[in-house]
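Mapping of the sequence shown onto full-length UniProt numbering: position 78 corresponds to residue 78, and the numbering continues sequentially without gaps.
Step one of this worksheet: look at the structure below.
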Amino acid sequence: MPPTLNQARPYGNSVAFLTDKDVLDNATNIIPPPLPAVICYGRVKDPEPCVPKARWKGVFGDNLYLQTDGDVVEDPEITLEEIRLLETHEPIRSIFQSVPPSSSTERTRILDLCCGQGRHVLQLAELYPHLELHGHDQSQYLIELAQSRAAAADVSDRASFTIGDCRAIPHDDDSFSLVMVMGNSFGYFATDNANVNLLKEIRRILKPGGFVVMDIPDGAYLRKNFSARGWEWIDDTMIVCRERELSKDKKRLISREVVMLTGKGVIRDQFYAECLYNLAEVHQLVRESGLVPEQREEDVEDNTIGRDMSKRGEDLGMMENRHLVLVSKPLL
Numbered sequence: 001m002p003p004t005l006n007q008a009r010p011y012g013n014s015v016a017f018l019t020d021k022d023v024l025d026n027a028t029n030i031i032p033p034p035l036p037a038v039i040c041y042g043r044v045k046d047p048e049p050c051v052p053k054a055r056w057k058g059v060f061g062d063n064l065y066l067q068t069d070g071d072v073v074e075d076p077e078i079t080l081e082e083i084r085l086l087e088t089h090e091p092i093r094s095i096f097q098s099v100p101p102s103s104s105t106e107r108t109r110i111l112d113l114c115c116g117q118g119r120h121v122l123q124l125a126e127l128y129p130h131l132e133l134h135g136h137d138q139s140q141y142l143i144e145l146a147q148s149r150a151a152a153a154d155v156s157d158r159a160s161f162t163i164g165d166c167r168a169i170p171h172d173d174d175s176f177s178l179v180m181v182m183g184n185s186f187g188y189f190a191t192d193n194a195n196v197n198l199l200k201e202i203r204r205i206l207k208p209g210g211f212v213v214m215d216i217p218d219g220a221y222l223r224k225n226f227s228a229r230g231w232e233w234i235d236d237t238m239i240v241c242r243e244r245e246l247s248k249d250k251k252r253l254i255s256r257e258v259v260m261l262t263g264k265g266v267i268r269d270q271f272y273a274e275c276l277y278n279l280a281e282v283h284q285l286v287r288e289s290g291l292v293p294e295q296r297e298e299d300v301e302d303n304t305i306g307r308d309m310s311k312r313g314e315d316l317g318m319m320e321n322r323h324l325v326l327v328s329k330p331l332l
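Laid out in structure tokens, this is it:
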């Protein structure tokens, strides 16, 4: 028998989310990667050199990410709330609601870049069945989970997923009306040039007149208000201890997570970093890529998400204070 779906109906919506355990217990196409050998580095005086160059491959490589960040990224009510916030922007709402003429076989195409386990794609597939939705992420584990959830929710005909680097999107030029970069997925590359190149790749696959929405951390806020140390009980047996400090150039937040299980000790000790851009810096990167900001900085500042979203009520880290930044590709 197929797995039973979690019939949570936030805001009256019937979107169905499979839990990570549901999929692993029932799917045959997912083989969780083995956990690396248990390593704890002990006290580290200078964490910045410990950050791997391709740190996102380790952080999002298995289901531990969905456990430690599950209070935000695995809560269907939060996902729906984020979609509702996107709908408050008229250009995005118009794209969501656009229905092609009955004589056309072409659907409005939307890409969720760095989509993770596909939570926004699956929510949109439920709300707007006329859309053609795509998700792309570098994590094979998360994409296979997204594919299994799409199949279980019977939306695979309008929600598809691909695996690969976000700097080489496997789609044609000028092919999407909207590209979403949600869940604090922008700014993982260490240099401004690398982040501009990502925006240029997004511009390539975006239709002229199309839009990009980026859910990004409020760098100015986090630079002043980040928690240097914290700990969070994930459940009764798992605890995460976190250390954070600014990079030497003050442009990135270096984070360390030590994950422990009762009875087993440390199961993960990982380092990662993310750029702390203020809104003026984000808009500058956008312009360098050939895209155009669609909001004044003061309007973006009024559109803050993240606070009080987690029902766990504990350490949100980079997810604590975020902005929705809307940009567009100029018409030819």
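For each residue, glycine too, the CB sits at the ideal point set by N, CA and C.
_Going by C-alpha to C-alpha distance, which of Ser328, His283 and Ile254 sits closest to Asp46?_
Looking at the Cα atoms, Ile254 is the closest of the given residues.
*At what residues does the alpha helix (DSSP H) containing Thr79 begin and finish?*
Where Thr79 is concerned, the enclosing alpha helix (DSSP H) starts and stops at Pro76 to Glu87.
*Residues of its chain near Ala273, where Cβ-Cβ distance is below 6 angstroms and the 5 sequence neighbours each way are ignored*: Correct list, in chain order: Val51, Arg252 and Ile254.
*Residue range of the unbroken beta strand (DSSP E) whose run includes Arg268*: Taken as a continuous stretch (DSSP letters only), the beta strand (DSSP E) holding Arg268 covers Gly265 to Cys275.
*Reducing DSSP to helix, strand and coil, say where Asp218 ends up.*
Here DSSP, grouped into helix, strand and coil, assigns Asp218 to coil.
*Which whole-angstrom value describes the C-beta separation of Pro217 and Arg322, a residue pair presumed to lie in contact below a C-beta threshold of 8 angstroms?*
Correct: roughly 5 angstroms between the Cβ atoms.
*Which ranges does the beta strand (DSSP E) cover as unbroken runs of at least 3 residues, wholly within the region 96–130, from first to last along the chain?*
Counting only runs of 3 or more residues that sit fully inside the region 96–130, the beta strand (DSSP E) segments are 109–113, in chain order.
*Inter-residue Cα distance where the pair is residue 341 and Met260*: Here the chain comprises residues numbered 1 to 332, so residue 341 is not present and cannot be evaluated.
_Am I right that Thr180 and His120 are in contact with their C-beta atoms under 8 angstroms? What's the rounded C-beta distance?_
In the sequence on display, residue 180 carries Met and not Thr. Going by Cβ atoms, the distance from Met180 to His120 rounds to 6 angstroms, so yes, they are a contact pair.
*Touch check for the region 80–88 and the region 143–162: three-plus C-beta pairs under 8 angstroms?*
Verdict: no, contact absent.
*Residues of its chain near Glu245, where Cβ-Cβ distance is below 6 angstroms and the 5 sequence neighbours each way are ignored*: These residues qualify, in order along the chain: Ile254.
*Within this structure, are the beta carbons of Val258 and Cys40 separated by less than 8 angstroms?*
Yes, these two residues count as a Cβ contact at 8 angstroms.
*Taking the alpha carbon of Arg256 as the point to measure from, which residue in Ile163, Gly230 and Ile143 has its own alpha carbon closest?*
Looking at the Cα atoms, Gly230 is the closest of the given residues.
_So, for Val282: in the same chain, excluding its five sequence neighbours on each side, which residues have a beta-carbon less than 7 angstroms away from its beta-carbon?_
Excluding positions up to five away in sequence, the list reads Ile216 and Val325.
*Among Lys207, Ala168 and Phe96, which residue has its Cα nearest to the Cα of Leu127?*
Scanning Lys207, Ala168 and Phe96 for the CA closest to the CA of Leu127 turns up Phe96.
*Which term fits Lys329, buried or exposed, when burial requires 16 or more other beta carbons within 10 angstroms of its beta carbon?*
Classification of Lys329: buried, given that the 10 Å Cβ count is 16 or more.
_Just to confirm my understanding: we take Asp165, look at its own chain, exclude 5 residues before and 5 after, and list those with CB closer than 8 angstroms. What are they?_
Hits under 8 angstroms: Gln138.
*Limits of the beta strand (DSSP E) - the one that Glu245 falls within*: Start and end: Met238 to Leu246.
_Exposed unless 16 or more other CB atoms sit within 10 angstroms - verdict on Arg203_ = The residue in question, Arg203, is buried, as its Cβ has 16 or more Cβ neighbours within 10 Å.
*Rank Phe211, Leu198 and His134 by C-alpha distance to the C-alpha of Leu86 and give the top, closest one.*
Measuring from the Cα of Leu86, the nearest candidate turns out to be Phe211.
_Within 10 Å of its beta-carbon, does Ser185 have 16 or more other beta-carbons around it, so buried, or fewer, so exposed?_
It counts as buried.
*How far does the alpha helix (DSSP H) with Glu144 in it reach, from first residue to last?*
Segment Gln140 to Ala152, the alpha helix (DSSP H) holding Glu144.
*Count the other CB atoms, across all protein chains shown, that sit within 10 Å of the CB of Glu106; report buried if there are 16 or more and exposed otherwise.*
Exposed: under 16 other Cβ atoms inside 10 Å.
*Please name the residue or residues paired with Arg203 in a DSSP beta bridge.*
According to DSSP, Arg203 bridges with nothing at all.
*Which partner residues of Met260 appear in the DSSP bridge assignment?*
Ile239 and Val266, per the DSSP bridge assignment.
_Less than 8 angstroms between the C-beta atoms of Arg109 and Ser156, yes or no?_
Cβ distance not < 8 angstroms, so Arg109 and Ser156 don't count as in contact.
_Local conformation of Ala190 per DSSP, three classes_ = Ala190 sits in coil when the DSSP states are folded into three classes, being neither helix nor strand.
*Name the two residues that bound the continuous alpha helix (DSSP H) containing Ala280.*
Per DSSP, Ala280 belongs to the alpha helix (DSSP H) from Leu279 to Glu288.
*Which one or two residues does DSSP pair with Thr162 in a beta bridge?*
Looking at the DSSP output, Thr162 shares a beta bridge with His136.
*Ile163 to Cys275, Cα distance in whole Å?*
Between the alpha carbons of Ile163 and Cys275 lies a gap of roughly 24 angstroms.
*Which of helix, strand or coil DSSP assigns to Val179*: Note: Val179 maps to strand in three-state DSSP.
*For the beta strand (DSSP E) holding Val73, just list the boundary residues, first then last.*
In the DSSP annotation of this structure, Val73 is not part of any beta strand (DSSP E); the continuous alpha helix (DSSP H) holding it starts and ends at Gly70 to Val73.
*asked:* Judging by CA-CA distance, which residue of Gly265, Val327, Asn225 and Tyr277 is the nearest neighbour of Ser289?
replied: Put simply, of Gly265, Val327, Asn225 and Tyr277 the residue whose alpha carbon is nearest the alpha carbon of Ser289 is Val327.
*Quick one, are the C-beta atoms of Met182 and Asp112 less than 8 angstroms apart?*
Note that the C-beta distance between Met182 and Asp112 is below 8 angstroms.
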